[in-house]
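Heads up: the structure comes next, in structure tokens.
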Amino acid sequence: LKLERLNEVRAREVQRMRELGGELRRHGIALSGSDNTIQQAIRRTQQYNDQLERERQALARVTQARQQYSRAQETAGKLKTVGLTAVGTAAAGGYAAGRFLQPAVSFGKEMSRVQALTRIDKNSPQFKALREQAIKLGSETQFTAGDAASGQAFLAMASFTPQAIQAALPGVLDLAMAAGMDLGQTADISSNILTQFGLSADQMDRVGDTLAATFTRTNTDLRSLGETMKYTGPVAASLGLSLEQAAAMTGVLGSVGIRGSDAGTALRASLSRLVDPPKAAAMALKELGVETQDAYGNMRRMENILNELYQATRKYGNAAQVSFFRAIAGQESYVSLMNLVTAAGENNLPRLTQEIELATGELNQTARVMADNLDGDLKSLNSAWEGLRIRVADLVDGPLRSVTQSFTRVIA
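Just so you know, we're using UniProt numbering here: the sequence shown kicks off at 1 and counts up by one.
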């Protein structure tokens, strides 16, 4: 209505201008002689024109908004037609469905992390195999598929290939169960030790057996073993010590209260000073008559060196023994060396080393015993139930993602 009124006013002004021009010409008055009057009339006409344009633009915006509203109503009608009126009429059912599918959502997110870390295509056979393994292990163990995927991610961060991850993961799951420890931390510790001793991924069962045999026979746990190996592992491996030998020495120290980084730094210092002794250490070893290297410049077997130190120091008093060990291992580490020498001389270290070396299959047995109770049964049931929910979610994953993306586009 306002637009119509403006049009009428404009028409009247134009007509008045025409009449005024005619009157002026009839009286012989030139238009150029009335500049002020004409300019004022022109300005008034321009103002009406500007106001008319603003009203036209406002009307266009209103029309556009009405069209968008009509399209939204049409879309809502279509959504109702295909059965998506659950937004208003089945909220409770939607909430229940959301809870049912939540494990699948979390699992999918974790597998996307695995995909990113392994840098493989989502549709590749390697990724499908990893996904299937995570679901399978999640359904058959106390750990969920999401837990298994988290373990895969930690192994991927340790530069394991997809094939290596598949080979190592079952052992990691057993180790976490036997140690009663978080799966991610277990994967981190075991993969570090595997790398420190230059072992391949298919040796993860050996790593697990060794660690389980150690923390079930000595006063240590998986976390403290991992901390000790962080300092000792690289040096021990470079000097030819096996994982089992290093674990046995770690266990001996743990049983006398020297654990974690304290044990690691002490072992590292003792090994380093035995193979390349400073002046004081060299003099002490020479006086005791103990050789630490063979004719080829390689370190002799550690247990033999320790046993010879035990035999050589027995004829001295305790004060002299402390002096020898402090000269050999240094002020901070000599107590650890003394305990290792005693354990070697009394055959405790060789016996423990042999037990650990013969512990093949012990990890799996320990894990099964740890799970043989009602708590284990309930966890296994929960994992199997979650696996089923993931399988069901796989059947509707495509349509659900399509609907979600469609809603996003409508809202946007």
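Glycine is no exception: its CB is placed at the ideal position from the N, C-alpha and C atoms.
In this text, all values refer to a predicted model and were calculated from it rather than measured experimentally.
In terms of alpha-carbon separation, which member of the options lies closest to residue i?
i, options, result
"Leu358", "Ala167, Gly208, Lys128", "Gly208"
"Asn364", "Gln133, Asp205, Gly317", "Asp205"
"Asn192", "Gln57, Pro234, Lys122", "Pro234"
"Ala263", "Asp276, Val275, Ala248", "Ala248"
"Gly180", "Leu381, Arg368, Gly361, Leu194", "Arg368"
"Thr195", "Leu169, Asp221, Phe215, Ala158", "Ala158"
"Ala212", "Gln47, Gly361, Ala149", "Gly361"
"Asn348", "Val256, Phe160, Tyr334", "Val256"
"Ala176", "Phe197, Gln51, Gly226, Ser200", "Gly226"
"Gly184", "Asp50, Leu374, Leu222", "Leu222"
"Lys286", "Met302, Ala312, Met299", "Ala312"
"Met111", "Gly146, Thr220, Thr186", "Gly146"
"Tyr231", "Thr220, Glu244, Thr250", "Thr250"
"Gly297", "Glu8, Leu239, Pro125", "Leu239"
"Glu244", "Gln51, Ser272, Met302", "Met302"
"Phe127", "Ala156, Gly330, Thr220, Ala327", "Ala156"
"Phe197", "Gly151, Pro125, Met229, Ala164", "Met229"
"Ile366", "Phe215, Glu332, Gln51, Gly317", "Sequence check: residue 366 is Thr here, not Ile. Taking only the C-alpha atoms, the option nearest Thr366 is Phe215."
"Ser272", "Asn318, Ile328, Gln142", "Ile328"
"Asp182", "Gly151, Leu378, Arg268, Lys315", "Gly151"
"Asn219", "Gly260, Ser200, Leu199", "Gly260"
Alpha carbon to alpha carbon, what distance is there between residue j and residue i?
i, j, result
"Leu253", "Leu309", "17 Å"
"Gln166", "Ser270", "37 Å"
"Leu288", "Lys279", "14 Å"
"Asn339", "Asn307", "12 Å"
"Val105", "Val341", "55 Å"
"Asp202", "Lys122", "25 Å"
"Glu346", "Asn304", "13 Å"
"Phe325", "Ser190", "32 Å"
"Ala246", "Ala281", "22 Å"
"Ala236", "Ser242", "8 Å"
"Ala116", "Lys109", "11 Å"
"Thr265", "Ile258", "10 Å"
"Thr292", "Leu274", "6 Å"
"Met370", "Ser336", "32 Å"
"Tyr334", "Ala178", "33 Å"
"Arg16", "Glu53", "22 Å"
"Gln102", "Leu173", "23 Å"
"Arg217", "Ala295", "36 Å"
"Pro170", "Ala320", "51 Å"
"Gly330", "Asp188", "32 Å"
"Glu355", "Val322", "30 Å"
"Met283", "Thr353", "30 Å"
"Arg300", "Pro277", "14 Å"
"Asp50", "Gln57", "11 Å"
"Thr186", "Asn318", "42 Å"
"Pro125", "Leu199", "26 Å"
"Leu374", "Ser224", "29 Å"
Please state whether DSSP places residue i in a helix, a strand or coil.
i, result
"residue 435", "No statement about residue 435 is possible, as the shown extent of the chain runs from 1 to 412 and does not include it."
"Gln293", "strand"
"Thr195", "helix"
"Gln15", "helix"
"Arg206", "helix"
"Leu358", "coil"
"Ser200", "coil"
"Val256", "coil"
"Thr218", "coil"
"Pro277", "coil"
"Gly240", "coil"
"Glu8", "helix"
"Asp262", "helix"
"Asp188", "helix"
"Asn348", "helix"
"Leu378", "helix"
"Asn373", "coil"
"Ser333", "coil"
"Asp182", "coil"
"Met249", "helix"
Could you give the C-beta distance for residue i and residue j, rounded to a whole number, given that I count them as a contact under 8 Å?
i, j, result
"Leu130", "Val114", "6 Å"
"Thr118", "Pro162", "5 Å"
"Phe107", "Ala149", "6 Å"
"Ile390", "Ile135", "6 Å"
"Thr144", "Glu386", "5 Å"
Can you find a CB in chain B that lies within less than 8 Å of the CB of residue i?
i, result
"Thr220", "Here chain B cannot be found, since the structure has a single protein chain."
Kindly examine the ligand SAM and report whether one of its heavy atoms sits closer than 7 Å to the Cβ of residue i.
i, result
"Met338", "Absence of the ligand SAM from the depicted structure is noted, as is the absence of any ligand whatsoever, leaving it without description."
- request: Could you pull out every unbroken beta strand (DSSP E) segment of at least 3 residues lying fully inside the stretch 296-331, listed in chain order?
  value: none
query: Which ranges would you report for the alpha helix (DSSP H) in the stretch 113-163 if only whole runs of at least 4 residues count?
result: 125-140, 145-157
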